[in-house]
Amino acid sequence: MPRRHISKIRSKSAFQRRPGQREPRSITLIVCEGETEQEYFEAARIHYHLTTAQVVIADNSKGSAPISVVECAEERAAEQGGYDTIFCVFDRDGHESFDRARAKIRGLASRSRNRLNVHEAISVPCFELWVLLHFERSDRPFQKCADVVARIRKEHLDGYAKANEEIAKQLLSRVETALANAHWLEGRTGIEEENPSTSVNVVVQHLKDIGSRPSV
């Protein structure tokens, strides 16, 4: 499916309403580490009845390393057009550039000129922790992503596979459970970097909130 090519954060003047005009819709950009996450957020976009004019799941041409995800987001933000919110979705999972990517996001969000409304959505050890939360509350640590996948297959979804469109759609039928379990986990650990932890729920809640806004 072709993705929409995007843009820098829009200026405040772009949102000034002229007489007789509708309020402009906001545009969210999501840049992911891999295809599994892309399939999930594409399914979430459809689940919440959002258009590609509201939510863009970017094709990441920079690579799967966390720093590459952030660099892709920064590059897209500089293109003509505009994004109002940007999320960078990546895992801890042994990546060397994990901490550098987080630091770069903080820098982009706090710089004095051309500040970006960019946020991290990280998972420790990996995105499959968010998948697991669709089925159960778990605060047990996992040494590696393969351990999380093994638990999903053994206890909940024996046919689980990465980058699978149908499985992504299936998971969305349980997304409210995942949101509740992520909130529970956050209260248990209290530390984003602790194993296990995830902030993917922030992106999903953002999409849910956009989908619940009344049409104008």
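For the sequence shown, position 128 (counting from the first letter as 1) is numbered 336 according to the numbering used here, and the numbering increases by one without interruption.
Don't be surprised by glycine CBs; every beta carbon is placed ideally from N, CA and C.
| What residues in its chain sit with their C-beta under 6 angstroms from that of E247, if we drop five residues either side in the sequence? | Within the same chain, Cβ atoms closer than 6 angstroms to the Cβ of E247 are found at A371, E373 and A376, the five residues on either side in sequence being excluded.
Task: In DSSP terms, what D299 is bridged to - done: Per DSSP, the beta-bridge partners of D299 are S331.
Per DSSP, the bridge partner or partners of T406:
T406 is bridged to S331.
* Asked: How is the beta strand (DSSP E) around I235 delimited, first residue to last?
  -> Under the DSSP assignment, I235 falls outside any beta strand (DSSP E); it carries neither an H nor an E label.
Do you know whose CA, among E245, S331 and S269, lies nearest S405's CA? Taking the Cα of S405 as reference, the smallest distance to any Cα among E245, S331 and S269 is reached at S331.
**Asked** Taking Cβ positions, are S272 and C280 nearer each other than 8 angstroms?
**Response** At a Cβ-Cβ threshold of 8 angstroms, S272 and C280 do not count as neighbours.
What does a CB cutoff of less than 7 angstroms around Y368 pick up in its chain, not counting 5 residues either side in sequence? Excluding sequence neighbours, Y368 sits near V357, I360, R361 and I375.
Cut-off 7 angstroms between Cβ atoms - residues of its own chain near Q229, not counting five sequence neighbours on either side = For Q229, the pLDDT reaches just 41, beneath the cut-off of 50, and the residue's location in the model is therefore unreliable, leaving the point undetermined.
On the criterion of 16 or more Cβ atoms from any shown chain inside 10 Å, does P274 qualify as buried, or is it exposed?
Under this definition P274 is a buried residue.
Subject >> Residues near N409 by beta carbon distance below 6 angstroms, same chain, minus five either side >> reply: The beta carbon of N409 sits closer than 6 angstroms to those of L387 and A390, all from its chain and outside the five residues before and after it, given in chain order.
Along the chain, which unbroken stretches of the alpha helix (DSSP H) at least 4 residues long are found entirely within the segment 243-313? Runs found: 243-255 and 274-285.
Close beta carbons around E336, own chain, < 7 angstroms, minus the five adjacent residues each side: A distance below 7 angstroms between beta-carbons, with the five flanking residues on each side excluded, links E336 to the following residues of its chain, in chain order: C353, V356, V357 and I360.
**Prompt:** Over what stretch of residues does the alpha helix (DSSP H) that includes R382 continue unbroken?
**Reply:** Segment: none, R382 is in no alpha helix (DSSP H) and carries neither H nor E.
Exercise for review: Kindly give me the distance between the Cβ atoms of D299 and E241, rounded to whole angstroms, as I take these residues to be in contact under 8 angstroms.
Suggested key: Contact holds; Cβ gap of about 6 angstroms.
Is T244 a contact residue of the ligand GDP, with contact defined as CB to any heavy atom under 7 angstroms? For the structure depicted, the ligand GDP is absent and the ligand set is empty, with no information on it obtainable.
In chain order, what residues of the same chain have a beta carbon less than 8 angstroms from the beta carbon of S305, not counting five sequence neighbours either side? The residues are A273, P274, I275 and S276.
inquiry  = Closest to V339 by C-alpha separation, out of G302, L380, Q351 and R321, would be which residue?
reply    = Taking only the C-alpha atoms, the option nearest V339 is L380.
Can you find the residues in the same chain that come closer than 8 angstroms, C-beta to C-beta, to I265, ignoring five residues on each side of it along the sequence?
In the same chain as I265, and ignoring 5 residues on each side of it, the C-beta atoms closer than 8 angstroms to its own belong to R211, I238, C240, Q246, F249, E250 and R253, in chain order.
Can you tell me where the alpha helix (DSSP H) holding K362 begins and where it ends?
Note, K362: alpha helix (DSSP H), C353 to E363.
Q | Rounded separation between C296 and R310 - CA only | A | Using only the alpha carbons, I get a separation of about 9 angstroms.
Leaving out five residues on either side along the sequence, give the residues of the same chain with a beta carbon under 8 angstroms from the beta carbon of I418.
When the five nearest sequence neighbours on each side are left out, the beta carbons in the same chain lying within less than 8 angstroms of the beta carbon of I418 are those of S234, T236, Y256, L258, Q262 and V263, in order along the chain.
In terms of alpha-carbon separation, which member of E328, R319, E287 and V383 lies closest to L341?
Comparing Cα positions, the closest option is V383.
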